[in-house]
Each structure stands twice: as structure tokens, then as C-alpha cells.
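Student: Here the sequence shown stands for residues 1 to 635, where the numbers follow the UniProt record's numbering. By construction, the Cβ of each residue, glycine as well, lies at the ideal position given by its N, Cα and C atoms.
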Amino acid sequence: MGAAQHLCSDCFLIYVVKEIVVRYQFVITHSSYLFLKGSLSGTPLSCQMFVKEEVEKPIGSLIRNHSHLSCSTQKQVLPPGFSGSEMDYIDNNGIFLLSNGSVFGFGFVTNSVSDSASYLLAVVHLATTSIVWSANANSPVSHSDNFVFDKDGNAYLQSGGSTVWTANISGKGATSMQLLDSGNLIVFGKDSSSPLWQSFSHPTDTLLSGQSFIEGMTLVSRSNTQNMTYTLQIKSGDMLLYAGLQTPQPYWSALQDNRMIVDKNGNNIYSANLSSRSWSFYDQSGLLQSQLVIAQQGDANTTLAAVLGNDGLITFYILQTLNGKGTLPITVPQDSCDMPAHCKPYSICNSGTGCQCPSALSSYANCNPGIISPCNSKDKFQLAQLDTGVGYVGTSFKSPVPKTNLTGCKNSCMVNCSCITVFFDQTSGNCFLFDQIGSLQQKDGGKGSFASFIKVSSSNRGSEQGGSDSGRLTIIIVVIIVGTLVVIGVLVYVGFRIYRRRRHHPPSQDDAGSSEDDEKAHFPSYAFKKLEEGDLRDIFDAKLKYNDKDERLHVAIKVALWCIQEDFYQRPSMSKVVQMLEGVCDVPQPPISSQIGYRLYANAFKSSSEEGTSSGMSDNNSDALLSAVRLSGPR
Numbered sequence: 001m002g003a004a005q006h007l008c009s010d011c012f013l014i015y016v017v018k019e020i021v022v023r024y025q026f027v028i029t030h031s032s033y034l035f036l037k038g039s040l041s042g043t044p045l046s047c048q049m050f051v052k053e054e055v056e057k058p059i060g061s062l063i064r065n066h067s068h069l070s071c072s073t074q075k076q077v078l079p080p081g082f083s084g085s086e087m088d089y090i091d092n093n094g095i096f097l098l099s100n101g102s103v104f105g106f107g108f109v110t111n112s113v114s115d116s117a118s119y120l121l122a123v124v125h126l127a128t129t130s131i132v133w134s135a136n137a138n139s140p141v142s143h144s145d146n147f148v149f150d151k152d153g154n155a156y157l158q159s160g161g162s163t164v165w166t167a168n169i170s171g172k173g174a175t176s177m178q179l180l181d182s183g184n185l186i187v188f189g190k191d192s193s194s195p196l197w198q199s200f201s202h203p204t205d206t207l208l209s210g211q212s213f214i215e216g217m218t219l220v221s222r223s224n225t226q227n228m229t230y231t232l233q234i235k236s237g238d239m240l241l242y243a244g245l246q247t248p249q250p251y252w253s254a255l256q257d258n259r260m261i262v263d264k265n266g267n268n269i270y271s272a273n274l275s276s277r278s279w280s281f282y283d284q285s286g287l288l289q290s291q292l293v294i295a296q297q298g299d300a301n302t303t304l305a306a307v308l309g310n311d312g313l314i315t316f317y318i319l320q321t322l323n324g325k326g327t328l329p330i331t332v333p334q335d336s337c338d339m340p341a342h343c344k345p346y347s348i349c350n351s352g353t354g355c356q357c358p359s360a361l362s363s364y365a366n367c368n369p370g371i372i373s374p375c376n377s378k379d380k381f382q383l384a385q386l387d388t389g390v391g392y393v394g395t396s397f398k399s400p401v402p403k404t405n406l407t408g409c410k411n412s413c414m415v416n417c418s419c420i421t422v423f424f425d426q427t428s429g430n431c432f433l434f435d436q437i438g439s440l441q442q443k444d445g446g447k448g449s450f451a452s453f454i455k456v457s458s459s460n461r462g463s464e465q466g467g468s469d470s471g472r473l474t475i476i477i478v479v480i481i482v483g484t485l486v487v488i489g490v491l492v493y494v495g496f497r498i499y500r501r502r503r504h505h506p507p508s509q510d511d512a513g514s515s516e517d518d519e520k521a522h523f524p525s526y527a528f529k530k531l532e533e534g535d536l537r538d539i540f541d542a543k544l545k546y547n548d549k550d551e552r553l554h555v556a557i558k559v560a561l562w563c564i565q566e567d568f569y570q571r572p573s574m575s576k577v578v579q580m581l582e583g584v585c586d587v588p589q590p591p592i593s594s595q596i597g598y599r600l601y602a603n604a605f606k607s608s609s610e611e612g613t614s615s616g617m618s619d620n621n622s623d624a625l626l627s628a629v630r631l632s633g634p635r
């Protein structure tokens, strides 16, 4: 250690570590080894030479004696039986397979700049570190997890004892795995002209020059902060971009893009291929259908990449070995407002000016009326009109309801519980209903032809109208509550007065008798009541002898009640009376006579009793009784 004392302090520290490791055979981790190498940065050349001779050699020898710490050599061909992790190839930045020209590499790369502890198994453009294919885009692994190309010919990625990704080619006779300078990762069998598996047939979020994207394949973006992904597919002769809403919604079509140069063969897309200058579209027989020019000039030696980003845009890049990564000005779609998720749901996207909340929803938090499923809600809803010229990109891809007018279009949404937005094209008369919505769009300075409405709760409509209705509703509620309390108070007071009166004046037999006298005061009503009860004793004079089972008595009483009806038009003629008494015709049940008169009399009687005039009624009360209790007989 004496020689080390004449060197810089950094060298001395590293030398001490070396002595501890070598003499006591401590196991050193790979990260510690890299720390020792990094410690050389900025030290004098003599110090670096000393460490190289005195430290790196013995420590490197020690590391090689531990298989889990060995630094393996990069390869251009992987034979069956290969296995490797990020830790095994840490000195090569996790890359263990190179293309022939070292343009692309295959191995483990960090998931993101902010997350250096998790890794993707990916194909990388080495000069620009651009990931062009990954096996586990949404399932990163740790530095110790292994990629395996087993002796049975299957390729897979393991993490914690489970399989994260597999090529599913076990038992098919795989002989090697190679990475081409085009970026295509291929597993060959005995027939090298027919690959068993290739990454170009299983794209993730990137397409490269020379890579054919055909019907049945899907390009999927990585998830964004809202956990939404976007997809690119070829369906029914068209290439479409979809937003990953609950029900995927298309927002771009190759056939509807006015930048396309259409070939004379027509439009029936089956495949697409990137060249050095354009994106070309072909039918199933290989005939050119259309082209989207991407660059005015192209170099056959450069690699063109189309990347579907987590913002929903397809961006085109030039990947170069010397000049790095260049971004081309063209995007798909052309306008970022032509995407249903460029802004928050229900917000309006204005090209060049950003996002804004519709005035009808300005009072709602996050510009969202909060309607998740109107079908499961007990609230009542109404349609709030959005700003002039507001439309939605989804109307270009959705079939309209049958032709109608604006009123019919709105009614179609109101009777459909799943409808939350409706767009009426005032030019064509087309009506579009949506059960989910992204961001809206406003083009041409609000001169669009759409009248747009959104379903909101009637109890919380937002804006000024919603505020006034809310205030009016509050007033109504207060009035109802106060009125109810007043009624309850009056009832309690009246009940208390009655209770006190009964305590001071208990009912007597005279009172009970007077109650019956009150009923007899209007004898026709009293007779009608007793007739219904079948009690005739109180109607007839007690001195008379009669058989109460004689039906003629009932007939006579009913005839008598008919004859004293106050409405003389209801009284029968004398001939009719004779017929009823003789039993020639039936006697119907007579209506009660002068019930109103009875009530007036009863009230008058009670008033006089309460004033202490139990001996008789006053003159005024007598007059009231006289007018209420009318005498029977001819008018």
C-alpha cells in the first residue's frame, strides 16, 4: 500500500477497496464495480493507469468467478438455449443481440427516463436510442428477469416465475434468432426463407421502412395518464385510427384524408408500407391504391418510422446513424382537434388556441356535468345547447338516425336513456346520438352547421339559468317548510284549547241527550238516517202500535221522504204516490233532504250553547234556523 500513498486520494480510496475485496474475497456487486469504474472520471492519467493495473484486473477476475455477475459478449446470432438478463449485459447497456451493421440492437432498456429500475425487452435503433418494438410495453421487468430462447425453440420473457411475453413457437424447429439492419427481429427454422416468427408481423406502436402493415394487424399506443390507448387497424378496405373509449371510436380514416394522392385503381386498402418518402396503400392483389407523401426528399439508406404516440397522433421520424433523429412536419390526423381526447371530455378544442369549456357547462367542476349513465339515474334530464358551431369528430364515422328536424332530433335523444349528446347537421338534416363523448371541436370560427346539445340534470343546469332556478327552488322549499311549521303550530294550539275546555267541562248526560236532539232538529235527515239503519222506533210515535217487520212501513217512509224533497222537481206526482203505496211500482231510495240545512242548524245551535244561552237560541239564530230548516209541503 506504500505505492498508493503517493497517488491522489481517489486512487488511494479505490486501492483500499481493492485490497479488501481481493484479500478477504468479499463478493462485489455489479453496481459496485461500475461505481469503481466511474470513480476514475476526472482523476489524473497516472491514477487511472494505476487503478487499471492494480484494481480492475483482480476485481474483474473476481467477478468472472461469479457466474451471476459475468459480463457476456454481444452476439449477432442467438442459438437455442440462450438466456440473459439486464444485469448480465449491464456493460453493454442491456443489449445482447446486434444487427449485422450494428444499426439496431435487441435487449433490455429502461422503461423511461424517470423510471430507471424497470426494463423493457425491446428492439432499439442504437444511434438514436429509439425503441421500435417491445415485448412488454405495459409490463416492465426488473434487472434480474431473464429473456429465454430455449432449446425447444420458443422465445419468452420471464418475471418472478411467470411468463410476461412469449413468441409461441415451441416445437417448430427454430434454429436461430437474428436481428436485421431493417429492425426486423426474426426467428429462423431450417428453411431460412420462411421465418417462424418476426417482429414486423407483430408491431407494437411503431412501423419502419419496408414493414408491411396488413389487415388483421393492430398498432397500439402506450397508455397515457388517463389510462387511454389508441389503435390503428385496417378494416373493410379502409385504415382507421380509434380512441380507446369504453366503446372504441374512430377519429381518422385514410379514405377521408384529403391529403391522399388517389391512384386510378380506386380505394380498397388491404396493406400499407412505408418507403423513404411516402406511406403507400395497396389492395390485396398488391396494386397501389393511394399515397400519403411524408417527405419531399428521401434517402434509401435512412430509416423512416411512423410512431403512434400516447396522444393519439401518428408522427413520422427519420432515424439516421450520423445525424440522429429528425421529426417530419406531417402528422396523422392533420389537425390535433380531430381527436376525441385532445382536450378533456366535453371541452371544446379550437385549432391553434387550445381548449375551452362550453358556456353551458361553465358552472360544472372540470367542465363535466357528471352524467355517467342516465339509464341508472333517478334524476330528470334536459338538453343544454352548446356554443354555436360546436361539432364532434365522431359524426364523420357514425350512421345518423333517420332524417328528421331539430325538434325530432332532440326528442330522439331524450327518449333514449343512453344518449348523452346529440348533434344536428342543419345543412343535411342528419342527427347523431352518442352515449359517450370525448373533446368537442369548433372549426371555421364557429361557422359550422351543427346544432349541438348535451344532456344535463334538470336540478343542476349550470350557468345563469341554472343559478336562477336553484335560487327559486330554495325559496319554494323555505316557504313549504315555514308553512308546514305554522300549520303544525295552529293544530297544536287548537288541540290544547280543546283539551283545557274538556278538563274544565266534562261531558254530561244532558250533553249526550242534546246531541241526539240536535240530530232530530232536522227530522227528514234524521228519518233518512234511521231508515238506513233499519231502526224505525225513533221515527214513529211511541203511542202507535206497528209491526216493524211489515215492509209497508218502509215503503210509506220512503214515499214520505220523496214527497218532502226541497227540489220540487224531484217530488213524485200524486198518482205516482198512490202507485208506490199500492205496490204497483217500486220505490227507489230517496236522496237525503236538506243536509245543508241540518248543518246550518247544528252550527247555529252550537254557537248559542257556547255563549251560555242554553235556555234557547237568540233571535238572530232563530232567523238562521228558520232559513236553514225549511218546512216541507207544497211550494
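So for Lys-235, helix, strand or coil by DSSP?
Tutor: The residue labelled residue 235 in the question sits at position 235 within the sequence shown. Lys-235 falls in the strand class under three-state DSSP.
Student: DSSP on Gln-570, reduced to helix/strand/coil?
Tutor: Residue mapping note: residue 570 aligns to position 570 of the sequence shown, counting from 1. Helix at Gln-570.
Student: Bridge partners of Cys-349, per DSSP?
Tutor: In the sequence shown, residue 349 corresponds to position 349, counting from 1. Its beta-bridge partners are Cys-355, Gln-441.
Student: For a test of the three-state rule: what should DSSP assign to Ala-272, helix, strand or coil?
Tutor: Start at 1 with the first residue of the sequence shown, and residue 272 comes out as number 272. Three-state result, Ala-272: strand.
Student: So what does DSSP say about Cys-431, is it helix, strand or coil?
Tutor: Here residue 431 refers to the residue found at position 431 when the sequence shown is read from its first residue. It is a strand residue.
Student: So is Ile-234 buried or exposed if we call it buried at 16+ other beta carbons inside 10 Å?
Tutor: Translated into positions along the sequence shown, residue 234 becomes position 234. So Ile-234 ends up on the buried side.
Student: In terms of DSSP beta bridges, what is Lys-75 paired with?
Tutor: Numbered from its first residue, the sequence shown carries residue 75 at position 75. Per DSSP, Leu-97.
Student: Excluding the five sequence neighbours on either side, which residues of its own chain have a C-beta within less than 6 Å of the C-beta of Leu-179, listed in chain order?
Tutor: Reading the sequence shown from its first residue, position 179 is the one you call residue 179. The answer, listed in chain order, is Leu-97, Ser-99, Phe-104, Phe-106, Leu-185.
Student: Measuring only the C-alpha atoms, how far is Ser-285 from Asn-138?
Tutor: Mapped onto the sequence shown, residue 285 falls at position 285. Mapped onto the sequence shown, residue 138 falls at position 138. Between Ser-285 and Asn-138, the C-alpha separation is close to 36 Å.
Student: So Phe-453 is in the alpha helix (DSSP H); what residue range does that whole segment cover?
Tutor: The residue you call residue 453 lines up with position 453 of the sequence shown. No alpha helix (DSSP H) contains Phe-453, which is instead part of the beta strand (DSSP E) from 450 to 457.
Student: Excluding five sequence neighbours on each side, which residues of the same chain lie with their C-beta closer than 6 Å to the C-beta of Lys-558?
Tutor: As a first step, residue 558 must be located in the sequence shown, where it is residue number 558. Val-587, Pro-590.
Student: Below 8 Å on the Cβ atoms is my guess for Tyr-242 versus Thr-231; work out the distance and round it to an integer in Å.
Tutor: Along the sequence shown, read from residue 1 onward, the residue named residue 242 stands at position 242. Along the sequence shown, read from residue 1 onward, the residue named residue 231 stands at position 231. That belief holds up - the Cβ atoms of Tyr-242 and Thr-231 are roughly 5 Å apart, short of 8 Å.
Student: Would you call the region 360 to 368 in contact with the region 399 to 410, where contact means no fewer than 3 C-beta pairs closer than 8 Å?
Tutor: The region 360 to 368, when compared against the region 399 to 410, does not touch it at the 8 Å Cβ threshold.
Student: Take the Cβ of Phe-432 as the centre, count every other Cβ of all protein chains shown within 10 Å, and call the residue buried at 16 or more, exposed below.
Tutor: As a first step, residue 432 must be located in the sequence shown, where it is residue number 432. Result: buried.
Student: Compare the Cα-Cα distances from Asn-258 to each of Leu-288, Val-293, Asn-268 and report the closest residue.
Tutor: Counting from 1 along the sequence shown, the entry for residue 258 is found at position 258. Residue Val-293 is the option with its Cα nearest to Asn-258.
Student: Is Ser-192 close to the ligand FAD? I mean its beta-carbon at under 7 Å from any heavy atom of the ligand.
Tutor: Ligands displayed in this structure: none; no statement on the ligand FAD is therefore possible.
Student: So what does Asn-146 bridge to, in DSSP terms?
Tutor: Position 146 of the sequence shown, counting from 1, holds the residue named residue 146. Asn-146 pairs with Ser-85.
Student: Compute the distance between the beta-carbons of Thr-204 and Val-187, then report whether it is under 8 Å.
Tutor: Residue numbering aside, residue 204 sits at position 204 when the sequence shown is read from its first letter. Residue numbering aside, residue 187 sits at position 187 when the sequence shown is read from its first letter. Result no, Cβ atoms of Thr-204 and Val-187 do not sit closer than 8 Å.
Student: Output needed for Leu-406: all residues of its chain with C-beta closer than 8 Å, excluding positions within five of it in sequence on either side, in chain order.
Tutor: Translated into the one-based positions of the sequence shown, residue 406 becomes position 406. Result list for Leu-406: Phe-424, Gln-426, Ala-451, in chain order.
Student: Within its chain, find whatever has a CB closer than 8 Å to the CB of Asn-416; leave out the 5 residues flanking it on each side and keep chain order.
Tutor: Within the sequence shown, residue 416 is the residue found at index 416, counting from 1. Hits under 8 Å: Leu-433.
Student: Any beta-carbon of chain C closer than 8 Å to the one on Gly-107?
Tutor: Absent from the structure: chain C. Only one protein chain is present.
Student: Under three-state DSSP, which class holds Phe-106?
Tutor: Along the sequence shown, read from residue 1 onward, the residue named residue 106 stands at position 106. It is a strand residue.
Student: Would the beta-carbon of Asn-376 fall within 8 Å of that of Tyr-346?
Tutor: Within the sequence shown, the letter at position 376 stands for residue 376. Within the sequence shown, the letter at position 346 stands for residue 346. Result no, Cβ atoms of Asn-376 and Tyr-346 do not sit closer than 8 Å.
Student: Do the region 306 to 313 and the region 329 to 347 touch if we need at least three Cβ pairs shorter than 8 Å?
Tutor: The region 306 to 313, when compared against the region 329 to 347, does touch it at the 8 Å Cβ threshold.
Student: Using a Cβ-Cβ cutoff of less than 8 Å, which residues in the same chain neighbour Gln-198 once the five nearest sequence positions on both sides are dropped?
Tutor: By 1-based counting over the sequence shown, the position of residue 198 is 198. Only Asn-184, Leu-185, Ile-186, Val-187 meet the Cβ criterion.
Student: To the nearest whole angstrom, what separates the beta carbons of Asn-146 and Ala-167, a pair I think is in contact under 8 Å?
Tutor: Within the sequence shown, the letter at position 146 stands for residue 146. Within the sequence shown, the letter at position 167 stands for residue 167. Contact doesn't hold; Cβ gap of about 15 Å is too wide.
Student: So for Gly-616, helix, strand or coil by DSSP?
Tutor: Against the sequence shown, residue 616 aligns to sequence position 616. Model confidence at Gly-616 stands at a pLDDT of 41, short of 50, so the residue's coordinates are unreliable and nothing is read from them.
Student: Between Ile-131 and the rest of its own chain, which residues show a CB-CB distance below 6 Å, the 5 nearest in sequence each way excluded?
Tutor: Walking along the sequence shown from the start, residue 131 turns up at place 131. Result list for Ile-131: Ala-122, Val-124, in chain order.
Student: I want to know whether the region 534 to 541 touches the region 559 to 579 - three or more CB-CB distances under 8 Å.
Tutor: With the cut-off at 8 Å, the region 534 to 541 and the region 559 to 579 do not touch.
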